[in-house]
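Asks:
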Amino acid sequence: GVSPEGVCLIASVAPLPPGAIAFFAVMMYSVIIQMCILPMYRELQDRSPDRFQTALVGSFGTLIALYAAFATVAYLHFGPHVSDNVLRDLGDSFWGNSARAAMAGVVV
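Residue numbers (the working numbering): 2 to 109.
#1: For the alpha helix (DSSP H) holding Q54, just list the boundary residues, first then last.
#2: What is the residue span of the alpha helix (DSSP H) that N98 lies within?
#3: What is the C-beta distance between D85 and P19, in whole angstroms, given that I count them as a contact (C-beta under 8 Å)?
#4: Three or more beta-carbon pairs under 8 Å between the segment 69-87 and the segment 19-28, yes or no?
#5: My assumption, with CB atoms under 8 Å, is that L64 sits in contact with S99. Please give the rounded CB distance.
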């Protein structure tokens, strides 16, 4: 049979790889738009499924490009040895401290 450890990917990986929780959180934020689909379709002028598909493909394509660009720039700047919390890697400068303060404000 299948052991309980093999049922859930997250439970079977011990310890979690660096960044796994942050990855999961970002993925949830990026797909939360599902609940907005019907209101967005209702607001579309001259709505049709083809027109809505064009709008969705364009907007998700733009999101993918933004995520890829951000990830590429971050990798080029911080390299492969970035910690799981990138705020730690920003240093003790004005901008690093500002970024941490801004994140604290977002979380609260």
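All C-beta atoms, glycine included, are put in the ideal place defined by N, C-alpha and C.
Since we're looking at a predicted model, the values are computed, not measured.
Replies: Straight from the coordinates:
#1: P50 to F79
#2: From DSSP, the alpha helix (DSSP H) with N98 extends over F95 to V108.
#3: 4 Å
#4: With the cut-off at 8 Å, the segment 69-87 and the segment 19-28 touch.
#5: Rounded, the Cβ-Cβ distance is 26 Å, inconsistent with contact.
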